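Colleague: First the structure, then my questions, so here it is.
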Amino acid sequence: MTLQFAYWVPSVSGGIVKSNGSRKADWSFEANKRYIQAAENAGFKYAFFLSRFFSEDGGENQLEALALAASLAPVTRNIRLVTQVLSGLWHPGVVAKALSTLDHISSGRAGINLASGSSRLRRRRIK
């Protein structure tokens, strides 16, 4: 078995790691385009797209995971695009259609990470 690497796509302003250090990150589409191409060129196998709608820890702006993955698919060739979907917030039919579209656009490189979410406060803010 070969060791494979993945990275978390920095799609959230303020970073995605809780830290006392600087959490400023360029989360723009253009920056993410550079990051994913660099990761792919370095041999990374997977890109994980975080799904977040609200933040209580400094990441007030977020790019939607499935939309960002679909927009980055045409500028990559090999890296697998694994999008997080928060259960209970999306209708399963919508997720299936969006993921199958991503899989088509990316020539079979789509993946899904089903998650329950990381914060009760975030979930309450959506409802």
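So the sequence shown is residues -3 to 123, counted in the numbering used here. Where a beta carbon is used, it is the ideal one built from N, C-alpha and C, also for glycine. All figures in this text were calculated on a predicted structure; none of them were measured in a lab.
1) Indicate whether the contact test is met: 3 or more Cβ pairs, each with one atom in the stretch 76 to 96 and one in the stretch 37 to 47, closer than 8 Å.
2) Only counting the same chain, and skipping five residues up and downstream in sequence, which positions put a Cβ closer than 6 Å to that of L68?
3) In whole angstroms, what is the alpha-carbon distance linking V91 and L62?
4) Tell me the residue span of the beta strand (DSSP E) that contains N74.
5) Tell me the rounded alpha-carbon separation between L59 and R30.
6) Mind checking which residues open and close the beta strand (DSSP E) that includes G107?
Modeller: If we stick to the structure as given:
1) With the cut-off at 8 Å, the stretch 76 to 96 and the stretch 37 to 47 touch.
2) As a working note, residue 68 is residue 72 in the sequence shown. Only I32 meet the Cβ criterion.
3) The count along the sequence shown starts at 1 and reaches residue 91 at position 95. The count along the sequence shown starts at 1 and reaches residue 62 at position 66. The alpha-carbon atoms of V91 and L62 are separated by roughly 9 Å.
4) Numbered from 1 along the sequence shown, position 78 holds the residue referred to as residue 74. N74 -> no beta strand (DSSP E), and no H or E assigned at all.
5) By one-based count along the sequence shown, residue 59 stands at place 63. By one-based count along the sequence shown, residue 30 stands at place 34. Between L59 and R30, the C-alpha separation is close to 16 Å.
6) Indexing the sequence shown from 1 puts residue 107 at position 111. Taken as a continuous stretch (DSSP letters only), the beta strand (DSSP E) holding G107 covers 106 to 111.
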